[in-house]
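> Attaching a single structure in structure tokens format; questions to follow.
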Amino acid sequence: MIAPNLVQAQAVPEKGQKAVGVMIGEPTGISFKAWNSSKTAFDLGLTWSLQGNDAIGIHADHLWHTWLDVDSGNLAFQYGVGLRTWFADGASAAGVRIPVGFNYLFEDAPIGLFLEIAPVIDILPDTDADGNGAIGARFYF
185 MIAPNLVQAQ AVPEKGQKAV GVMIGEPTGI SFKAWNSSKT AFDLGLTWSL QGNDAIGIHA
245 DHLWHTWLDV DSGNLAFQYG VGLRTWFADG ASAAGVRIPV GFNYLFEDAP IGLFLEIAPV
305 IDILPDTDAD GNGAIGARFY F
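Using my numbering, the first residue of the sequence shown is number 185, and each one after it goes up by one.
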């Protein structure tokens with residue numbers, strides 16, 4: 185059960201800890217995460233689209249985490265800002281994304297789950313609004 189109070193960072197990722205995994209949604213792909221501290225991290229996605237346009241992409245985000253009090257494991261509300269680009273059928277775009285979601289880390293296993301949505305504003309070659317959303321799992325090492 186999620187309690188409304190926040191907890192101090194304890195038994196959460198440490199600076200230098202890394203993770204790799206998969207994400208499914210739009211986009212789908214491989215996810216990497218590197219923690220800068222118990223409250224900040226960078227993530228990177230190498231992705232492809234399931235919308236039928238054969239798009240491949242990459243995004244990189246800086247994330248902040250607010251740890252929530254839960255009975256088991258560690259749950260964080262995460263939010264951030266990043267960049268993304270994609271290429272498909274001779275076209276391409278680049279823009280800014282604002283990811284928000286949740287990150288759950290199991291207490292006794294080096295595995296994390298995440299859920300994320302990210303409004304996107306492409307600025308090149310034209311201004312356009314888009315969105316990303318995915319669920320995923322990562323293995324921590």
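The beta-carbon is built from N, C-alpha and C at its ideal position, and this holds for glycine as well. Here the structure is a predicted model, which is why all the values come from computation and not from measurement.
#1: Three-state secondary structure (DSSP) at Thr212?
#2: Figure out for me which residue from Val284, Asp227, Ser222 and Ser221 has the closest Cα to the Cα of Ser215.
#3: Taking the beta strand (DSSP E) that Asn237 belongs to, which residues open and close that run?
#4: Which residue wins for smallest C-alpha separation from Asp312, given the options Asn287, Thr269, Tyr288 and Gln201?
#5: Can you round the beta-carbon distance between Val280 and Ile301 to whole angstroms, since I take them to be within the 8 Å contact cut?
#6: Where does Val265 fall in DSSP's three states?
According to the structure shown:
#1: As a working mapping, residue 212 is identified with position 28 in the sequence shown. Three-state result, Thr212: strand.
#2: The residue labelled residue 215 in the question sits at position 31 within the sequence shown. Among Val284, Asp227, Ser222 and Ser221, the Cα nearest to that of Ser215 belongs to Asp227.
#3: Indexing the sequence shown from 1 puts residue 237 at position 53. Element bounds for Asn237: n/a, residue is neither H nor E.
#4: Counting from 1 along the sequence shown, the entry for residue 312 is found at position 128. Among Asn287, Thr269, Tyr288 and Gln201, the Cα nearest to that of Asp312 belongs to Thr269.
#5: The residue you call residue 280 lines up with position 96 of the sequence shown. The residue you call residue 301 lines up with position 117 of the sequence shown. That pair is no contact at about 15 Å.
#6: For this step, residue 265 is matched to residue 81 along the sequence shown. In this structure, Val265 counts as strand in the three-state DSSP scheme.
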